[in-house]
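Accompanying notes for the structure given below.
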Amino acid sequence: MSRFPLANVHPEAQIGNNVTIEPFATVQQDVVIGDNCWIGPNAVIMDGARIGKDCKIFPGAVISGIPQDLKFKGEKTTTEIGDRSTIRECVTINRGTVDKYKTVVGTDCLIMAYAHLGHDCIVGNHCILGNSVQLAGHVLIDDYAIFGGACAVQQFSKIGSHAYIGGGSLVRKDVPPFTKAAREPLSYAGINTVGLRRRGFTSEKINEIQEIYRFIFLKGLNNSKAIDLIEKEISGSQERDYILDFIRNSERGIMKGYGGID
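In terms of my numbering, the sequence shown opens at residue 182 and continues consecutively.
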């Protein structure tokens, strides 16, 4: 470990091999940091942090602060950050409460400057949160979701994998997988074609996903009727079943459609 003299590292913190902790960073007692991490100046790693390997924590970030929840009574909870994730300047990530006992950022994620992740959020792998994205508590985000800057996400919202949320959006409803979401109120803006192609989805699979969402958002059907027709007219597949399960299990309800899209 390369620890500068002005870094404040508790002697009982568990620090891996080849970890650099820059001047004026603070690492508290109940902390685990994996190999090959870099902790920038003035970063604060608080009790309950569990940081994987090859992570970068930039200056001013505060990891595993206590929840901003008046019901929190000091219970032992954690913040978990997966391997190879990058946490940029002044990000704040609060640890969990009795709901999940943990807040999680997956592997290979990029959390850009000034973002906030509230208690009990679960962020999947390969996700990107743009500058100043604000997640309230209990938000669930599946793999490969991307948020433009300055999005605000209401508590208990769910975001499906490969979804793209346009910058400045207010997310009050669940966003199904593979979609783009934008406008106010938040609405369907097509499927995330560019992202899906970059991740190896074939044209046939993209067309299938697009056809499913025509039933959901563009034919004037309620969700139950749309799901019935999809099951009758579109062959079962992993993507189809994931979309339908996501919609069926949405407690908040999914975002609205937008009639201006063909």
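Just so it is clear, CB atoms sit at the ideal spot from N, CA and C, and this is done for glycine as well.
- Following the DSSP letters along the chain, one finds Arg231 inside the beta strand (DSSP E) bounded by residues 230-232.
- Put simply, the region 263-275 touches the region 227-240. At least three CB pairs are less than 8 Å apart.
- Excluding sequence positions up to five before and after Phe427, its CB lies within less than 7 Å of the CB of Gly341, Pro357, Pro358, all in the same chain and listed in chain order.
- Beyond the five residues adjoining it in sequence on each side, Ala224 comes within less than 8 Å, by CB distance, of Glu203, Ala206, Thr207, Ile238, Phe239, Pro240, Gly241, Ala242, Val243, Ile244 in the same chain, given in chain order.
- DSSP places Ser384 in the uninterrupted alpha helix (DSSP H) bounded by 384-394.
- With the rule of 3 Cβ pairs closer than 8 Å, the region 274-283 does not count as touching the region 305-313.
- Distances from the alpha-carbon of Ala333 to those of Val272, Asp324, Ile327, Ser350 put Ser350 closest.
- Taken in chain order, the unbroken stretches of alpha helix (DSSP H) that lie wholly in the region 355-441 and span 4 residues or more are 374-379, 384-394, 404-414, 419-429.
- In the structure shown, the three-state DSSP call for Leu316 is strand.
- Per DSSP, the beta bridge partners of Lys237 are Trp219, Thr267.
- In this structure, the alpha-carbon of Val213 lies about 38 Å from that of Ile435.
- Shown here for Glu270: same chain residues with a beta carbon closer than 6 Å to its own, the five before and five after excluded, namely Phe239, Pro240, Gly241, Ala294 in chain order.
- Shown here for Val320: same chain residues with a beta carbon closer than 6 Å to its own, the five before and five after excluded, namely Cys302, Val334, Ser338 in chain order.
- Residue burial is scored here from C-beta neighbours: Val375 has fewer than 16 other C-beta atoms within 10 angstroms and is therefore classed as exposed.
- For Ile262, the enclosing beta strand (DSSP E) begins and ends at 259-262.
- Gln195 is classed as exposed because its beta carbon has fewer than 16 other beta carbons within 10 Å across all chains shown.
- Close CB contacts of Gln315 within its chain, under the 6 Å cut and outside five residues either way in sequence, are with His297, Ala333 (chain order).
- The beta carbon of Asn373 sits closer than 7 Å to those of His343, Ala344, Tyr345, Phe359, Thr360, Lys361, all from its chain and outside the five residues before and after it, given in chain order.
- Counting only the Cα atoms, His300 lies some 30 Å from Gly438.
- Per DSSP, the continuous beta strand (DSSP E) segment holding Asn275 begins and ends at 273-275.
- In the structure shown, Tyr325 falls within a coil segment according to DSSP collapsed to helix, strand and coil.
- Judged by DSSP secondary structure, Gly341 falls outside any beta strand (DSSP E); it is assigned neither H nor E.
- Segment contact: the region 390-405 against the region 321-328, fewer than three CB-CB distances shorter than 8 Å; contact not assigned.
- Thr259 is the residue among Thr259, Thr267, Ile268 whose C-alpha sits nearest the C-alpha of Lys283.
- Between Asn199 and Asp216, the C-beta gap is smaller than 7 Å, which places the two residues in contact.
- Rounded to the nearest whole angstrom, the CA to CA distance from Leu377 to Gly371 is 12 Å.
- Rounded to whole angstroms, Leu310 and Ala407 show a C-alpha spacing of 31 Å.
- His191 and Gln209 have their alpha carbons spaced roughly 5 Å apart.
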